[in-house]
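Presented below is the structure to which this report refers.
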Amino acid sequence: MTEPAAAKAEKRATREAYGEALLELGKENKDIVVLDADLSSSTKTSVFAKAFPERFFNLGVSEQDLIGTAAGLAAAGKIPFASTFALFGAGRAWEQARNDVGRGNLNVKMAMTHAGITVGEDGASHQCNEDIAIMRVIPNFTIVSPADAPEAKKAVFAAAGQKGPFYIRLGREAVPVMGEREFKLGKAQTLRDGSDVAIMATGIMVCEALQAAEALSKEGVSAMVVNIHTIKPIDEQAVVEAAKKTGAVVTAEEHSIIGGLGGAVAEVLSENHAVPLKRVGVRDVFGESGKARELLEKYGLTAKNIAAAAKDVVKRK
41 MTEPAAAKAE KRATREAYGE ALLELGKENK DIVVLDADLS SSTKTSVFAK
91 AFPERFFNLG VSEQDLIGTA AGLAAAGKIP FASTFALFGA GRAWEQARND
141 VGRGNLNVKM AMTHAGITVG EDGASHQCNE DIAIMRVIPN FTIVSPADAP
191 EAKKAVFAAA GQKGPFYIRL GREAVPVMGE REFKLGKAQT LRDGSDVAIM
241 ATGIMVCEAL QAAEALSKEG VSAMVVNIHT IKPIDEQAVV EAAKKTGAVV
291 TAEEHSIIGG LGGAVAEVLS ENHAVPLKRV GVRDVFGESG KARELLEKYG
341 LTAKNIAAAA KDVVKRK
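Residue numbering for the sequence shown follows our numbering, beginning at 41 and increasing consecutively.
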C-alpha cells in the first residue's frame, strides 16, 4: 500500500509536541504539575519528569487514582496535566473524570495519548475510537483534537491558560506537519475555501481532508476544508456558515462515526441548517493489529474515502 503525497513532509507525533510543551510550561509556571500512570516514556511526560522531578507523580497502573489525585491537586491550586493512554484515561477513569473533575469543574488537564486506530500493532484492546464521544458528554469539559504537532503544542498552552477541565486527544504515530497556523480554542479554521462541499475534519484526518480536496479539484469539485480542532465547544457558527455556503458536508475523524465529530456536526446541522451529510470514520467496529497506514486504509480513513464521500453528498444536493 502506498503512502499519500503528504508522507514526504516532515512528520512528528502529537505526543512528542506534548512533552515539549510541558517542559516549556514547567519553566514558566511552578504550579504546573504532571501525573502519569506508569507510561511516561510513551506519553512523553518523561521529559517533564527529568527536568522537574519534584513536580512529577507516577501513580502506577492506577488510572482512577491518577485522575482523582489530579483533581485533588487542582483543588489545592495546582495546574495538573494527567496522562496515560486514551483507552485507560477516558475509559477506565471515566467515573473520576465525571464525578471528581467535571462535576467539580476542576482545573484538570487530561492529555491522553495513543488515541485512535493508528495505535497500530497494539490492536483492538488499545485502539480507543470512543473517547471523544464519552468525554464530550461530561459537562464543563473542553475537548481538543489537534491535527499535528505544532497545533498540539498550542493546544497544551491554551489549556494551561484557561481554567476548567480539558481533554486533549493525542496520537502515537508520527503524522505530517502542516506548518504554523493560528490557534484559538473553540474557533474552527478554514484551511481551504470551496463552494461545492465542506469537509470538516479533526485530528490526523485534517491532512487527509486537504489531500482529498486537492484530488477533488482535479475532477471539478470545489471542496472547502475546515479544521475543527475543538470538538467541544464546537464552533456552531462556522459549521452552519460552511453548510449554507456549500450545501453539503462531509466529516472526517479517526474515531467512531458515533458520538464524535460527525455526531457533533450532525447535531448542529439538524437544529440549524440540515444539508446532505456523510461521516467518514470508524464504522461501529473494533480494529485489529496492523501497521497504522494499512489500518487507515482498511477502515476507510483516507483521502480517497473522503473524496468519495464528498462526491456522494454533492450528488444528493
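Backbone N, C-alpha and C fix where the C-beta goes; we use that ideal spot for every residue, glycine too.
Taking DSSP as the reference, what is the three-state secondary structure of residue i?
| i | result |
| --- | --- |
| D105 | helix |
| R212 | coil |
| N267 | strand |
| K51 | strand |
| S257 | helix |
| G243 | coil |
| G303 | helix |
| Q229 | strand |
| S185 | coil |
| E294 | strand |
| D78 | coil |
| S310 | helix |
| A15 | Since the displayed the chain opens at 41 and closes at 357, residue 15 lies outside it and no answer follows. |
| T85 | coil |
| G321 | strand |
| F223 | coil |
Could you check the C-alpha separation between residue i and residue j for me, to the nearest Å?
| i | j | result |
| --- | --- | --- |
| R333 | A343 | 12 Å |
| G160 | N267 | 24 Å |
| L106 | N139 | 14 Å |
| K338 | T242 | 19 Å |
| P186 | K357 | 31 Å |
| M175 | L146 | 15 Å |
| V290 | G117 | 42 Å |
| D162 | T83 | 15 Å |
| S165 | E328 | 8 Å |
| A133 | Q104 | 5 Å |
| V73 | A91 | 12 Å |
| E56 | F128 | 19 Å |
| V131 | A283 | Reading off the sequence shown, one finds Gly at residue 131, where the question assumed Val. Approximately 33 Å between the Cα atoms of the pair. |
Just checking my contact of residue i with residue j at CB under 8 Å: how many whole Å lie between their CB atoms?
| i | j | result |
| --- | --- | --- |
| V320 | I346 | 5 Å |
| T54 | G211 | 5 Å |
| A288 | V354 | 5 Å |
| A126 | V196 | The Cβ separation is near 16 Å, so there is no contact. |
| V177 | F206 | That belief does not hold up - the Cβ atoms of V177 and F206 are roughly 15 Å apart, past 8 Å. |
| E213 | T158 | 4 Å |
Taking the alpha carbon of residue i as the point to measure from, which residue in the options has its own alpha carbon closest?
| i | options | result |
| --- | --- | --- |
| E50 | A110, Q136, A263, G219 | G219 |
| M264 | F197, S235, M150 | S235 |
| A137 | A164, A116, P179 | P179 |
| E60 | H269, I174, G302, K194 | K194 |
| A249 | A283, E294, L99 | E294 |
| E68 | E311, S81, I119 | I119 |
| V141 | L113, K331, G163 | L113 |
| L65 | R52, T83, R95, G340 | R95 |
| A255 | K351, G204, T124 | K351 |
| I274 | A155, R209, L225, A200 | L225 |
| V322 | A155, S123, S257 | A155 |
| T270 | A110, V74, F181 | F181 |
| A348 | G302, A126, I239, K331 | I239 |
| R52 | I244, F206, A199 | I244 |
| E281 | L63, A192, K227 | K227 |
| A110 | P93, Q251, G144, L231 | G144 |
When the cut-off is 8 Å and only beta carbons count, does residue i lie next to chain D?
| i | result |
| --- | --- |
| D162 | Considering every chain present, this structure includes no chain D. It has just one protein chain. |
Legend entry - the region 97 to 105 touching the region 77 to 88, judged by at least three CB pairs closer than 8 Å: yes
Inset, instruction - Report yes or no: do three or more beta-carbon pairs, one from the region 308 to 318 and one from the region 155 to 172, lie closer than 8 Å? - result: no
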